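Visitor: Line by line, the protein sequences are chains Y and V.
Sequence positions in the first sequence follow the working numbering and run 4 to 1046.
Sequence positions in the second sequence follow the working numbering and run 63 to 549.
Provided herewith is a single structure, encoded as structure tokens, for subsequent inquiry.
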Amino acid sequence: MRKNLRLFLVFPLLLLVLSKPVIAQERSVSGTVTSDEDGLSMPGVSVTNLKTNIRTKTNDAGYYSINATTGDQLVFTFVGFVEKKMIVPASGLVNIKLVSAENELGNVIVTGYGVKRNKRELAYQAPTVKGEEIAQTRRDNFLNALAGRVPGLTVTSSSGLPGASSQIVLRGATSMSGNNQPLFVVDGVPLDNSGLNQESLIAASNTNAVGFANRNSDYTNRIADINPEDIEEVVILKGPEATALYGSDGASGAIVITTRKGVAGKARVSYDNAFRVDEVYRFPNIQTKFARGTNGIYNPEAYSTTYGFRYFGPEYAANTPLYDNIQNFFRRSFSQQHNISLEAGNAESSYRFSAGYLDSRGVVANTGLNRLTLRISAQTKLNKNMKISSSWSYILSDNDKVPKGAGTYYNNLITYPKDIDARNFVNSDGTRKIIKNTLDFATEFDNPYWDVNKNSSNDKTNRLTGNVNFSADPLKWLNLTTIIGIDNYSTEGYYLTHPNSRYGFATRGFISSYVQNYQNLNGLARATVKKTIAEKFNNTLSASFYVESGKRSIYAQKGEQFYETEFISINNTQPLTQAAKLTRSEIRKIRMFANYTLGYNNILYLNFSAIREGNSTLTSAFFDKVPFFNYGSASASFVFTDLKGLKDNKILNYGKLRLSYATSGKAPYASYVIDPQFSPQVTTGGGYALGVFASNVDLRPEITRNFEVGGEFQFLKKRLSLDIAYYNLNTKDQIVSNRLSYGTGGVLKFINGGVVENKGLEIQLKALAVDKKNFNWDVTVNFDKNRSTVKKMPADLPLYYDSDTWVFGAVRSEVSVGTSVGNLVGFAFRRNDAGQLLISPTTGLPLTTSTYVNIGDRTPDFKFGIINSFTFFENLNLSFNLDIRKGGVVFNGNEAMMILTGTSKKTLDRLQPRVIDGVLADGLENSTSPTKNNITIVPYYRNDYYDGAFAEGDFAEEVNWLRMRDLTLSYRLPQKWVKRQKVFRNASVFVTGTDLFMITNYSGMDPNVNALNSSTGGFGGSGIDYGAIPNPRGINFGIKAQF
Amino acid sequence: MKKIIIIALGAMMLLNTSCKKYLDINDDPYLPQIAPPNTYLPNILYSVAEGEMFDGRFIGCYIQYWNRTAANYNYDRHGSRIGQGSTTDITQAFRNHYWVAGSGINEMIGQAKKSGFGGYEGIGNVLKSFSWQVVADQYGEMTFNQAWDNTRTTFTYDPQKEIYAGIQALADNAITQLDAGGTIDPKLASWDLMYNGDLAKWKKFAYAVKARLELHKSNKASFNADKVIEYVDKSFSSNADNAAVKFDGTDGNTSSFFGSNRGNYGSYKPGMAIINLMNGNYFTSVVDPRLSLMFNAHSDGKYRGLAPGVGDTATLKAPTMYGKYLFLNNASFPVISYPELQFIKAEAAFKKPNKTLAYSAFLEGIKAHMSFVGVSTANANAYLASSAVPQSANALTLKDILSQKYIALFMNNETWSDLRRNDYNPTLYPTYIVPASIKPENNGKFVQRVVYRQFSEFDWNIAAVVQQGADQPDYHTRKNWAFTDQE
């Protein structure tokens, strides 16, 4: 943050303020010159005293010393950097930070495919996050480090385990069923962020065994392959222009990542490491008073087939030994990471090589992530007019996982008998220990230790990404650019269920393995013409052609009936039970852009763009269908403080107003949905049958209209800056994969229709609150508020729901007219015409209906991110990121399960007699004098109370939280110490804590979890807390050094 | 300048065309978007049978072929899906009818026409008419005229009378198409797992459907017994003609829905109604020779069944159904059988009335089923000579016909149509047990129809559901048009 504020103008200004006139006196002025880009010292920088014309250069440590008199002007120059002038102060060191020419004004950011633009011109909010800030959180998945740092960005991780996927949404979910995640662009090239869609896997042959609906395992969202240490800067494009720049791919926004490049100068080696300890610190509150049983009678076999053992028996005998199975289960895990980089260069060429190794262990046994990232980037000037740059990454990732969701270790841990030590999970003959008196392993859920030790899964990914960027300026006013990008990965994974496991017993073991291959090749060609007319009119016209081909294939196999119970391989299965399935998708895209910017006197900028896009997902094998559609944008940016009369205002230093509007088309997100689709059959005789999707030859692109208005303001010598944006995003003709009446002949169908509106406000406030010599305090406050409303449903259907989200009872993600896209529904109780609860005259419990009611909107009312950075004596820095959320519903499925099984502490008052408030359904319920319920229930004797007294809506909690996301304390060794030796140029030590604490009204463990994984479209499974372990607390410590 | 514009425009158009070609790849190379007609047939057959077998878990409780091991089971008590059941109960035939089977048949016929093959259209329409018959008898009113109209998002329900006429027409078309023959796909024989491409047998299947439909109208003044007899005579002539769907039984996927590999019938045990009809309880001291071949005995050697709604307890000693008769992983499932047709003929002739004809068909029905089950001729003859079987045409009653049909159709949902057609008449079904606790929403009435599928109709076509009154808690007690005396 600091650097952003210390724009090259601000810094000297501040120094000018600090430098009070003193008596002139010749002395030796010295200091260190560092680069603004990475804070590294810069050797070879020319330092000239303009008064005396004495000249010197900085040494290898970036240190210089020159004779000057107070008040003299020094100028610092270096190729590729903006020259900097400085008045010599009366005393003290003169440390200089040079700004790379590319980052001139600190205001140049990368927006379109490698296009750098001055922020002044931008007519939309484009917040940036420095790579350093992300890296210092030491998180495996850098998306989790973005939370709170940018207004309008929401990150939900699936669980607190290594390799867990994270879902990221900018502004709000606009699509009811499609992908709402932004596009990721790294060095001008799009990179894939998908996980694995489990629907491509083959379920077990027995319906009581393993099925795949994106619930029982998590798959890393692949953008997490990026090593945070390689990130220079992240620009978040949320508004209309994201689509103008990236076409339909940017319809949900774009996250534009620039990686670190080599900097001119002598070869430099940097090394850093971090050692982390993670631990779970929030545990489910389970009761330890009542034993297994029914209606107060002891029964060690009291069991719910959906949730496990039930605790409605008598109190444990006074001397019963009880075990804290939950505490025992989680481990304190130890992780480490090491990063090394080498860079060097001269004025013409530079390169950077980096290697990162991560060994992350999870708080659950047998979970972990090993990741090796190698990256090399190089750039060179071929001649005066031609530049070429290229970067390549190779990533090797190995993720050990355990099952997830209903019926797996976390839920089973909660319902595991407290009077039995869960650590004894294997019989002496190696079989699974079960508590119930049965030989049928399918009648009891797995012991949690058994589950994580015997039901393993793993994903191994090899990924190669790279780009070549060629740029030529054949004429002064013409630039030609070509970018070629490649993204290629292969993931090999399996999911295994042991023959003795609950879900493996029916099939005598089950293994599903797959290979997912992804390949994306893309290319961009762009011609840009720049012409200034009458000195004040800057015209920039560019025409680009973009082409992309993305292929994905998933080779899935399954086998059952293991020969050897412990051996992990498809070869260990009975051949007749083996099956194979191949899923493939290929999508090609073509975009032709024309962009025009008219700038007037650096004050007013008008941008126009027109795009014609073609997408293969719109074509048909049987019909002639036009794959093209057109859209465009118009925007204006007005720096009004540069107008005469407003210029040089003491309070308002900078002011810009922005206005933009864009339309965007979006083709179907899935391939092969226009024509009928068949799927191979595994039933007797095989053959094909129509897939679940009915064909739709009339499918059209969906249209988004995006409007944004806002402004940027800087006050008080630019120490305070404010960025406000209001937006309205309207999507019509939404492409929804909707279920329909089977009368269509299919189950689902991609249809057009429906209108979703997203409105919101985003504010970013940055302040240099204290700027003293020995103490700096930077603060950034991010605020956002988004409302999404479904205005019209596709084909006026009553509702749309996502069946994957159906993980607990009847609760599911469902939208209808007037609801938010994050709406949840569940079953309700019956009520009379007056709205009173109807009570059954026989049971005294409420009467249920199978009618769905809205139980809450998962969208928060608003969010705050507060980032503070304190610097003491230049060397010591403390920064932290507070994440505050107000409102938004989280469904506490864990608690609902704990009530049903009698493990919740809320069931401790079960001896208390009670009468449920309501009226009896005795025929008089709608008369003028309904009978008030008078049936007393003592739940201890009637545990059906806990089955019937709560509606699903009772577990939908309106959640607020304050979360300490990341806290870093770092200390840079003082220069004078460093100077005494020759090995290090720079060294610092740090301590970073992640998710240190959370203050929340949520009664569960962690409201920021996802019951599914990030592959689910629409709003997904975020805000459904069921079976996912909370985010653990982590402490990192490590060193950073430069050689 | 003009030239440049023209060149630019020309280039643009060229680019457009070549781009379009580049983009025209939306055709999955690893999965067909069209497939040869023969490849659809196995799964169509499977789906037609699976719908019946899946729904049989619940309808079988109505029939009392089996009852649930847990007490107070919704379907033992003549409840409906919306009363207390789970959302997918008794809706599989509906699902398969419109989706995999129906759409598959449409595709198969379409592709066969393109390839110029005969036979497929006839086969497709036979299967479609059969599937319509099954679902129309379950639901009464359904989407018929608008069915498979992919451009619609809402659908209206047509009266059952119209659907019945439509089914007859479909079956008639099928017969004409089968007669027409045409070029026969050489692959048909090996992919047709029911009749190995024998079109004459498919024609018999069409007549079997027609016979069933015609019999269903037995309560109407317009009931035509001669037509029923005519259709039966044109239909199956032995068990070899049975419309049986095969199961390989090598793993769960290829096993019969009734097989232990699938695990669908673990919570059901034989109904007391069928056991009492066979174990000498009702036919005093005549033990049906089929009993030991169709059911398991408890370890004490006794055959027992559960009464509806009572549930199973250890003291009841009711055995499982797996491992016997059709409850085998590789047992074929006859959706319509030769014995059934003989009982259809017997009933029609009985009502004509032509007792002699009725009696001979009745005896043929029993014998054919005995042979289907695997009873030795000697044992079969002994049974036929026993007091369980009337010994002369004059002694034959409707109860005899329906009781024997009840046994012979064990596991077929058609028996539910018989029960409803005959109003669950205790004199015709003497072992049928009136559940002690019929669901309160039934207001004392027996179940008459199925409530529409949640995921299809209640969720996405609710207007038609409401218009039909199917959202009412007692909707399932409303009689189907087919089984009333309404014309």
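Just so it is clear, CB atoms sit at the ideal spot from N, CA and C, and this is done for glycine as well.
What you are looking at is a predicted structure, and each value in this text was computed from that prediction instead of being measured.
#1: Residues in its own chain within less than 6 angstroms of Y:I26 by CB, not counting five upstream and five downstream?
#2: According to DSSP, is Y:W780 part of a helix, a strand, or is it coil?
#3: In the DSSP assignment, find the unbroken beta strand (DSSP E) run with Y:G996 in it and report its ends.
#4: Does the beta-carbon distance from V:E409 to V:L277 come in below 9 angstroms?
#5: Consider the Cβ of Y:E107: report whether some Cβ of chain V lies at a distance smaller than 9 angstroms.
#6: Excluding sequence positions up to five away, which residues of its chain have a Cβ less than 7 angstroms from the Cβ of Y:G348?
#7: Cutting at 6 angstroms between CB atoms, please list the residues of its own chain near Y:K100, excluding the five before and the five after it.
#8: First and last residue of the beta strand (DSSP E) that includes Y:P451?
#9: In chain order, what residues of the same chain lie with their CB nearer than 8 angstroms to the CB of Y:L53, ignoring the 5 residues before and after it?
#10: I'd like to know whether the C-beta atoms of Y:A1014 and Y:G1007 end up nearer to each other than 9 angstroms.
#11: Rank Y:L662, Y:A670, Y:R661, Y:N652 by C-alpha distance to the C-alpha of Y:L719 and give the top, closest one.
#12: Would a C-beta distance cut-off of 9 angstroms place Y:T464 and Y:V1012 closer than the cut-off?
#13: Any C-beta of chain Y sitting closer than 9 angstroms to the C-beta of V:R515?
#14: Measure how close the beta-carbons of Y:Y943 and Y:G299 come, nearest whole angstrom, since I'm counting them as under 8 angstroms.
#15: From the DSSP output, read off the bridge partner residues of Y:H341.
#16: Across the stretch 529-539 of chain V and the stretch 149-163 of chain V, are there enough close Cβ pairs to call them in contact, namely three or more that are closer than 8 angstroms?
#17: Out of V:G244, V:L93, V:K65, which has the shortest C-alpha to C-alpha gap to Y:K584?
#18: Mind listing the chain V neighbours of Y:P630? Cutoff is C-beta to C-beta under 7 angstroms, in chain order.
#19: Please state the DSSP three-state secondary structure of Y:V405.
#20: Smallest Cα separation from V:I121: which of V:L390, V:N136, V:K263?
#21: With 9 angstroms as the threshold, decide whether the Cβ of Y:Y1 is near any Cβ in chain V.
#22: Smallest Cα separation from Y:T666: which of Y:S251, Y:P630, Y:V820?
#23: Going along chain V, which residues have a C-beta under 7 angstroms from Y:F215?
#24: Count the other C-beta atoms from every protein chain shown that fall within 10 angstroms of the C-beta of V:S177, then say buried if there are 16 or more, exposed otherwise.
#25: Exposed or buried, which one is V:N187 when buried takes at least 16 other CB atoms within 10 Å?
#26: Taking all protein chains shown into account, do 16 or more other C-beta atoms lie within 10 angstroms of the C-beta of Y:K404, making it buried, or fewer, making it exposed?
#27: On the DSSP letters alone, give me the boundaries of the beta strand (DSSP E) that Y:Q984 sits inside.
#28: Taking Cβ to Cβ, would you say V:G333 is nearer than 9 angstroms to V:Y127?
#29: Taking all protein chains shown into account, decide if Y:E551 is buried (16 or more other Cβ within 10 angstroms of its Cβ) or exposed.
#30: On the three-state DSSP scale, how would you describe Y:S94?
#31: Given Y:V629, which residues of its chain have a CB within under 8 angstroms of its CB, disregarding the five upstream and five downstream residues?
#32: Evaluate the contact criterion for the stretch 368-376 of chain V versus the stretch 393-403 of chain V: three or more CB pairs, one atom per stretch, below 8 angstroms.
#33: Counting pairs of Cβ atoms below 8 angstroms between the stretch 86-103 of chain V and the stretch 284-300 of chain V, do you hit three or more?
#34: Counting pairs of beta carbons, one from the stretch 168-184 of chain V and one from the stretch 194-204 of chain V, are three or more of them closer than 8 angstroms?
#35: Look at Y:T1019 and Y:D860 and say whether their C-beta atoms are less than 9 angstroms apart.
#36: Does the stretch 522-532 of chain Y touch the stretch 473-487 of chain Y, meaning 3 or more C-beta pairs lie closer than 8 angstroms?
Guide: In short:
#1: Residue mapping note: residue 26 of chain Y aligns to position 23 of the first sequence, counting from 1. Interpretation of Y:I26 is limited by its pLDDT of 47, a score under 50 that renders its predicted location unreliable; no figure is taken from the coordinates.
#2: Taking the first sequence and counting its residues from 1, one reaches residue 780 of chain Y at position 777. Of the three classes helix, strand and coil, the one that applies to Y:W780 here is strand, per DSSP.
#3: Position 993 of the first sequence, counted from the start, is the residue given in the question as residue 996 of chain Y. Element bounds for Y:G996: 989-997.
#4: Along the second sequence, one-based indexing puts residue 409 of chain V at 347. Along the second sequence, one-based indexing puts residue 277 of chain V at 215. Yes. Within cutoff.
#5: Counting from one through the first sequence, the residue named residue 107 of chain Y turns up at place 104. Its pLDDT being 46, under 50, Y:E107 is placed unreliably by the model, and the measurement read from it follows with that caveat. Answer no: the Cβ-Cβ gap between Y:E107 and chain V never drops below 9 angstroms.
#6: For the purposes of this step, residue 348 of chain Y is taken as residue 345 along the first sequence, with counting starting at 1. Taking C-beta separations shorter than 7 angstroms and ignoring five residues to either side along the sequence, the partners of Y:G348 in its chain run G265, V266, A267, G268, Y354, following chain order.
#7: For the purposes of this step, residue 100 of chain Y is identified with residue 97 of the first sequence, where counting begins at 1. Excluding the 5 residues flanking it on each side, Y:K100 has same chain C-beta neighbours closer than 6 angstroms at T37, D39, in chain order.
#8: The count along the first sequence starts at 1 and reaches residue 451 of chain Y at position 448. Where Y:P451 is concerned, there is no enclosing beta strand (DSSP E), although the alpha helix (DSSP H) it sits in stretches over 451-457.
#9: Position 50 of the first sequence, counted from the first residue, corresponds to residue 53 of chain Y. If we look at Y:L53 and ignore the five residues flanking it on each side, its Cβ neighbours are D75, Q76, L77, V78, K88.
#10: On the first sequence, position 1011 is the one that residue 1014 of chain Y refers to. On the first sequence, position 1004 is the one that residue 1007 of chain Y refers to. No, these two residues do not count as a Cβ contact at 9 angstroms.
#11: The sequence position of residue 719 of chain Y within the first sequence is 716, counting from 1. Answer by Cα proximity: Y:N652.
#12: Here residue 464 of chain Y refers to the residue found at position 461 of the first sequence. Here residue 1012 of chain Y refers to the residue found at position 1009 of the first sequence. Not closer than 9 angstroms, so no.
#13: Translated into positions along the second sequence, residue 515 of chain V becomes position 453. With 9 angstroms as the cut-off, V:R515 counts as an interface residue toward chain Y.
#14: Here residue 943 of chain Y refers to the residue found at position 940 of the first sequence. Here residue 299 of chain Y refers to the residue found at position 296 of the first sequence. Right, their Cβ atoms sit about 5 angstroms apart.
#15: Reading the first sequence from its first residue, position 338 is the one you call residue 341 of chain Y. Y:H341 pairs with Y:N276, Y:Y360.
#16: Short answer: they don't touch.
#17: Position 581 of the first sequence holds residue 584 of chain Y. Of the candidates V:G244, V:L93, V:K65, the one whose C-alpha sits nearest the C-alpha of Y:K584 is V:L93.
#18: Mapped onto the first sequence, residue 630 of chain Y falls at position 627. Those are K82, L85, listed as they occur along chain V.
#19: Counted from its first residue, the first sequence places residue 405 of chain Y at position 402. It is coil, neither helix nor strand.
#20: Residue numbering aside, residue 121 of chain V sits at position 59 when the second sequence is read from its first letter. The shortest C-alpha separation from V:I121 is found at V:N136.
#21: Residue 1 of chain Y is absent from the model: chain Y starts at 4 and stops at 1046.
#22: Against the first sequence, residue 666 of chain Y aligns to sequence position 663. With distances taken between Cα atoms, Y:T666 lies closest to Y:S251.
#23: The sequence position of residue 215 of chain Y within the first sequence is 212, counting from 1. Per Cβ cutoff of 7 angstroms: no residues; Y:F215 is ~15 angstroms from chain V at best.
#24: Translated into the one-based positions of the second sequence, residue 177 of chain V becomes position 115. Exposed is the call here.
#25: The residue labelled residue 187 of chain V in the question sits at position 125 within the second sequence. Burial call: buried.
#26: Mapped onto the first sequence, residue 404 of chain Y falls at position 401. The residue is buried, with at least 16 neighbouring Cβ atoms inside 10 Å.
#27: Looking up residue 984 of chain Y in the first sequence gives position 981. From DSSP, Y:Q984 is part of no beta strand (DSSP E); its letter is neither H nor E.
#28: Within the second sequence, numbered from 1, the residue matching residue 333 of chain V stands at position 271. Within the second sequence, numbered from 1, the residue matching residue 127 of chain V stands at position 65. Their beta carbons are under 9 angstroms apart, which means V:G333 touches V:Y127 by this criterion.
#29: Here residue 551 of chain Y is taken as the residue at index 548 of the first sequence, counted from 1. Classification of Y:E551: buried, given that the 10 Å Cβ count is 16 or more.
#30: The residue given as residue 94 of chain Y occupies position 91 in the first sequence. Here Y:S94 sits in coil by DSSP.
#31: Here the question's residue 629 of chain Y lines up with position 626 in the first sequence. These residues qualify, in order along the chain: L621.
#32: No, the stretch 368-376 of chain V is not in contact with the stretch 393-403 of chain V.
#33: no
#34: no
#35: To locate residue 1019 of chain Y, count along the first sequence from 1; it is residue 1016. To locate residue 860 of chain Y, count along the first sequence from 1; it is residue 857. For Y:T1019 and Y:D860, no; Cβs fall outside 9 angstroms.
#36: yes
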